[in-house]
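Peer 1:
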Amino acid sequence: MNRIELQAIADKEIERQQELKCRVLCCASTACLSSGGQEVRKALQDELKAAGLTKDVQVVATGCKGLCSRGPVVEVTGPAQERVLYANVTAEAAQQIVRQHLVGGQPVNDYRLDADSPFFTKQVRVVLSNSGIVDPERIEDYIARQGYAALGHALREMTPEEVCLAIRRSGLRGRGGAGYATGLKWDLVRKADGRDKYVIANGDEGDPGAYMDRTLMESDPHRVLEGMALAGYAVGAEQGFLYVRGEYPLAVKRLERAIKAAERQGVLGSRIFDSNFNFRVDIRIGAGAFVCGEETALMSSIMGRRGEPRPRPPYPAQSGLWNSPTLINNVETFGNIAPIILNGPEWYAAMGTEKSKGTKIFALTGNVNNTGLIEVPMGITLREIVFEIGGGIPDGRTFKAAQTGGPSGGCIPAEYLDTPVDYESLTALGSMMGSGGLIVMDDQTSMVDVAKFYMEFCMDESCGKCVPCRVGTAQMHRLLSRLIAGEASAADLATLEELCRMVKALSLCGLGQSAPNPILSTLKYFRAEYEARLKSGAAHGAPSQEAA
Amino acid sequence: MTTPSQVLTLKIDGQDVTGRADETILQVARENGIHIPTLCFLDSLSPLGACRLCLVEIKGSPRLFAACVTYIAEGMEVLTKSDRLNKYRRMIVELLFAERNHICSICVANGHCDLQDLAREMGVTYVDFPYRYPRLGVDASHERFGLDHNRCVLCMRCVRVCGEVEGAHTWDVAGRGIEAHVSADLDFPWGDSDTCTSCGKCVQVCPTGALFKKGVAAAEMVKHRSFLVRLTAMREEAE
Ligand SMILES: Cc1cc2nc3c(=O)[nH]c(=O)nc-3n(C[C@H](O)[C@H](O)[C@H](O)COP(=O)(O)O)c2cc1C
Ligand code: SF4
Ligand code: FES
């Protein structure tokens, strides 16, 4: 494979798509498949056959379009065709779409989605730019949208130093939670001594309610692979591992196919783009422990050992897999790499705030009208996300809090709705960016129950290695249960707070260090709800779901 | 660049001390007679950093550092005692007492127990947390030794000595979080283990009465640990 051949594949695919009258893009991600996406696709195909349109119209199984609560989502698009989006499509609706729209030329207004609604216009799709548009199982479709062009360019025109410099100048920070500067990490691994180096993509995604990484892997697997290969070139690694949690079989299947296709085309494997650079990617499947997303536990798991964190330093960049320098990034982080190389770091750095550049994907869920997967520029306010993209709170209720960062994050109350979403601002509010879970809560939500939910999660997911997290989470959970049962005294509440501070300061890894955050942040903003639950406390604040 | 053998100067509790670049804060503190409480650490075993009792403050950082796994640096200023550290260490010991069923008066290790010593050192006369009283078993299937899970603090000394020194790797951890427990082979009764050599090293390194010799009565189980340092030193000489 060389760059001319790559362009030829792209041209051929574009030509093929131009010759069609139109293409019908059907979401085939986990969410839409579970709401009947497969049947819709079949109905479309059958009806097109009946109408004799199979030559002119192609039905494409794509990745996610984001509006998961309104699935299955279908898009009609073509060279001489207005782009039309349909939501909540059923098999009957699919037949109607073929007859009325594709044959008759009249869009079916009953199922039509307004493509100009804020849900779409307020989003900026960089990482998800192909998601919902390309067929994740066809590499040609990816190549037709400049896929692997960044890799081809870098291998020919850039030195590894220059690739690292571009990532540094883009201002990209890790999307796995902590927000460490990606270019800096790459440089550390590049400069580390070691004959064998490794690249790991972290696709463990254990936060309850989060599915950003699953969607990216399912919808555009080649984007992740291209980012990993660029990283391998930049840091001097020839072997990559993609760590995917076992609960994501569709992502694994698509990634496996993508790796095979990429090797066949010569964009992965030996002598990529006829250069001296070799890069292999192997998939490792996790067994679904949250702690295995922590980088040292993840490496331990890849090496076949118990998935337990170890103290850092040494950091993976110095001593990671089999004591070799190892680069580990989140899959969404890798999803940003090819666009940065193609469009330049300045283009990327122009998006976002001073310290948080680019875009972030969020899984928007909870008490909000439009739930789904969104990609927004950093610095957008929570208000814009909840009330414009999310379409506000359903059932006439009011906004109470937004939970970000999952079990490591916290709840942000209404008075901070105008806070820009970036790493520093969310941390300053006692929450964190986290990997991208965003749960909207209305005025009926009890914050103590929310805190207990997350503490139960942390207690169950603690690996048990260090004392503060192993025993501390169990004790915090007990104290919260007592409080909810109306059995806790003011002294118990004081013990709970003390314990929170201690577990945060003393735990070995990020799980324990951040486990108290949901309690601390709800105590900070909703203390009255805790006090109302005390043994003889006056009842104010929201009622408990459990006690009710 | 610092090399492992380079000598560095630092301050521990205001005292000027020196150490080699490949030494941890704990090692240098001990060489200079400065006491830092530890539980999971045991000389000659790989440091684990799990009990978190050895946490110290380093000037200029808001974080706390486990002295057993943190290497010294030139000009470092370490504080091993402070109100905050004392309070947190005490809480750790309390959490351990509340975790399982530690009833000293009937324990074989009464009077010779590291957990008891720590409690005495920190002045733990009562426990602020509710006791969990879990129902845990005793594995008496081995002909010479016993394992009482009620007294285990999960320091992993047995796991490490068995893997790193004896090379048998009989012990490991099963389960996670508060359910984690040491297990022989694939969670078999100890007596059925194919890998156990019955060397007894695990019994000697166990800080409490969790691993014990059969036939000893309450307070009779005195453990001998000096063999470990001598054995390691002899092996290093032989190499
Ligand atoms: C308990 C715990 C769970 C984690 N889970 C994930 C995860 O599922 N995915 C992820 O990318 N990072 C996770 N991380 C963060 C990783 O340790 C690591 O920082 C990250 O993969 C680095 O990639 P980045 O620099 O691209 O963010 C987790 C951290 C902790 C402490
Ligand atoms: S903080 Fe929790 S998850 Fe992390 S090492 Fe300690 S016990 Fe394990
Ligand atoms: S002695 Fe350092 S953590 Fe246990």
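So the protein sequences, as listed, match chains A and B. Just so you know, the first sequence maps onto residues 3 to 550 in our numbering. Just so you know, the second sequence maps onto residues 40 to 278 in our numbering. For each residue, glycine too, the CB sits at the ideal point set by N, CA and C. Just so we're clear, the structure is a prediction, and the values are computed from it rather than from any experiment.
1. Can you list, in chain order, every residue whose CB sits closer than 5 Å to a heavy atom of ligand 2?
2. Between Glu278 (chain B) and chain A, is there a C-beta pair that is closer than 8 Å?
3. Can you name the start and end residues of the beta strand (DSSP E) that Phe121 (chain A) belongs to?
4. Any heavy atom of ligand 1 within a distance shorter than 7 Å of the CB on Gly38 (chain A)?
5. Using the three-state DSSP reduction, which class does Met380 (chain A) fall into: helix, strand or coil?
6. Taking the straight line between their C-alpha atoms, what separation do you get for Thr42 (chain B) and Glu62 (chain B)?
7. Run the proximity test for Arg177 (chain A): is its beta-carbon closer than 7 Å to any non-hydrogen atom belonging to ligand 1?
8. Does any residue of chain A have a CB that is nearer than 8 Å to the CB of Val108 (chain B)?
9. In this structure, does DSSP put Gln19 (chain A) in helix, strand or coil?
10. Among A:Leu481, A:Ser448, A:Ser410, whose alpha-carbon lies nearest the alpha-carbon of Glu463 (chain A)?
11. Suppose you measure from the CA of Leu506 (chain A) to the CA of Ile274 (chain A); what does that come to, to the nearest Å?
12. Could you check if Ala105 (chain B) belongs to the surroundings of ligand 3, using beta carbon to heavy atom distance under 7 Å?
13. Which residues mark the beginning and the end of the beta strand (DSSP E) in which Thr56 (chain A) is found?
14. Under 7 Å between beta-carbons, which chain A residues line up against Tyr165 (chain B)? List them in chain order, please.
15. With respect to the alpha helix (DSSP H) encompassing Cys502 (chain A), which residues constitute its N-terminal and C-terminal limits?
16. State yes or no: is the C-beta of Leu193 (chain B) nearer than 7 Å to some heavy atom of ligand 3?
17. So, using beta-carbon positions, are Leu78 (chain B) and Asp153 (chain B) closer together than 8 Å?
18. Taking the straight line between their C-alpha atoms, what separation do you get for Ala289 (chain A) and Glu249 (chain A)?
19. Please identify the residue among A:Asn369, A:Tyr418, A:Gly512 whose C-alpha is closest to the C-alpha of Asp444 (chain A).
20. Give me, in chain order, the residues of the same chain whose beta-carbon lies closer than 7 Å to that of Gly337 (chain A); leave out the 5 immediate sequence neighbours on both sides.
21. What residues are listed by DSSP as bridge partners for Thr321 (chain A)?
22. So, using beta-carbon positions, are Met449 (chain A) and Thr406 (chain A) closer together than 8 Å?
23. Taking Gly134 (chain A) and Leu27 (chain A) to be in contact with their CB atoms under 8 Å, please state how far apart those CB atoms are, rounded to whole angstroms.
24. Say whether the region 41 to 55 of chain B touches the region 115 to 134 of chain B, bearing in mind that this needs 3 or more beta-carbon pairs closer than 8 Å, one atom from each stretch.
25. Using a beta-carbon distance cut-off of less than 7 Å, what residues from the region 71 to 83 of chain A approach chain B?
26. Cα-Cα, which of B:Cys143, B:Ser83, B:Ala68 is closest to Tyr110 (chain B)?
27. Whose Cβ in chain A lies nearer than 7 Å to the Cβ of Glu138 (chain B)?
28. Going straight from the alpha carbon of Ser303 (chain A) to that of Gly322 (chain A), what length do you get?
29. Have a look at A:Ala291, A:Leu329, A:Glu310 and flag the residue whose alpha-carbon is nearest the alpha-carbon of Ala319 (chain A).
30. Is any heavy atom in ligand 3 found nearer than 7 Å to the beta carbon of Ala89 (chain B)?
31. Could you pull out every unbroken beta strand (DSSP E) segment of at least 3 residues lying fully inside the region 422 to 460 of chain A, listed in chain order?
32. Along chain A, in chain order, which residues have C-beta atoms closer than 8 Å to that of Leu250 (chain B)?
33. Do you know how far the Cα of Glu334 (chain A) is from the Cα of Glu533 (chain A)?
34. Looking at C-alpha atoms only, which residue of B:Val108, B:Val95, B:Pro76, B:Glu96 is the closest neighbour of Ala60 (chain B)?
35. Using the Cα positions of Cys235 (chain B) and Gly381 (chain A), report the straight-line distance between them to the nearest angstrom.
36. Which residues mark the beginning and the end of the beta strand (DSSP E) in which Asn331 (chain A) is found?
Peer 2: For this structure:
1. With 5 Å as the limit, the residues whose C-beta approaches a heavy atom of ligand 2 more closely than that are A:Val293, A:Pro311, A:Ser464, A:Cys465, A:Lys467, A:Cys468, A:Cys471, A:Arg472, A:Ser509, A:Leu510, A:Cys511, A:Leu513, A:Gly514, in chain order.
2. Not closer than 8 Å to any Cβ of chain A, the Cβ of Glu278 (chain B) fails to qualify, so no.
3. Taken as a continuous stretch (DSSP letters only), Phe121 (chain A) belongs to no beta strand (DSSP E), being part of the alpha helix (DSSP H) at 120 to 123.
4. The answer is no for Gly38 (chain A).
5. In this structure, Met380 (chain A) counts as coil in the three-state DSSP scheme.
6. So the two alpha carbons sit approximately 12 Å from each other.
7. Distances from the CB of Arg177 (chain A) to the heavy atoms of ligand 1 include at least one below 7 Å.
8. Closer than 8 Å: yes.
9. Three-state DSSP puts Gln19 (chain A) in a helix.
10. Minimum Cα distance to Glu463 (chain A) is reached at A:Ser410.
11. Note that residue 506 (chain A) is Lys in the sequence shown, not Leu. If I take the Cα positions, the gap works out to 46 Å.
12. Distances from the CB of Ala105 (chain B) to the heavy atoms of ligand 3 include at least one below 7 Å.
13. No beta strand (DSSP E) holds Thr56 (chain A); DSSP gives it neither H nor E.
14. Those do not exist, as Tyr165 (chain B) stays about 13 Å from chain A at its closest Cβ, beyond 7 Å.
15. Per DSSP, Cys502 (chain A) belongs to the alpha helix (DSSP H) from 492 to 508.
16. No heavy atom of ligand 3 is found nearer than 7 Å to the CB of Leu193 (chain B).
17. Yes, Cβ-Cβ distance for Leu78 (chain B) and Asp153 (chain B) is below 8 Å.
18. Inter-residue distance for Ala289 (chain A) and Glu249 (chain A) is about 8 Å (C-alpha atoms, whole angstroms).
19. Nearest of A:Asn369, A:Tyr418, A:Gly512 to Asp444 (chain A), Cα basis: A:Asn369.
20. Here the set comprises Val129, Leu218, Arg225, Val226, Gly229.
21. Looking at the sequence provided, one finds Ser at residue 321 (chain A) rather than Thr. BP columns for Ser321 (chain A) are empty, so no partner.
22. Their beta carbons are not under 8 Å apart, which means Met449 (chain A) does not touch Thr406 (chain A) by this criterion.
23. Their Cβ separation, rounded to whole angstroms, is 7 Å, which keeps Gly134 (chain A) and Leu27 (chain A) in contact under 8 Å.
24. Counting Cβ pairs under 8 Å, three or more are found: they touch.
25. Within the region 71 to 83 of chain A, no residue has a Cβ that lies closer than 7 Å to any Cβ of chain B.
26. Out of B:Cys143, B:Ser83, B:Ala68, the CA that lies nearest to the CA of Tyr110 (chain B) is found in B:Ala68.
27. Neighbours of Glu138 (chain B) across chain A, judged by C-beta separation under 7 Å: Val473.
28. C-alpha of Ser303 (chain A) to C-alpha of Gly322 (chain A): approximately 12 Å in a straight line.
29. The residue with the shortest Cα to Cα distance from Ala319 (chain A) is A:Leu329.
30. Ala89 (chain B): yes, Cβ under 7 Å from ligand 3.
31. Runs of the beta strand (DSSP E) spanning 3 or more residues and lying entirely within the region 422 to 460 of chain A occur at 439 to 444, in chain order.
32. Those do not exist, as Leu250 (chain B) stays about 18 Å from chain A at its closest Cβ, beyond 8 Å.
33. Roughly 40 Å separates the two Cα atoms.
34. Relative to the Cα of Ala60 (chain B), the nearest Cα in the group B:Val108, B:Val95, B:Pro76, B:Glu96 belongs to B:Val108.
35. Their Cα atoms are separated by approximately 59 Å.
36. Start and end: 328 to 332.
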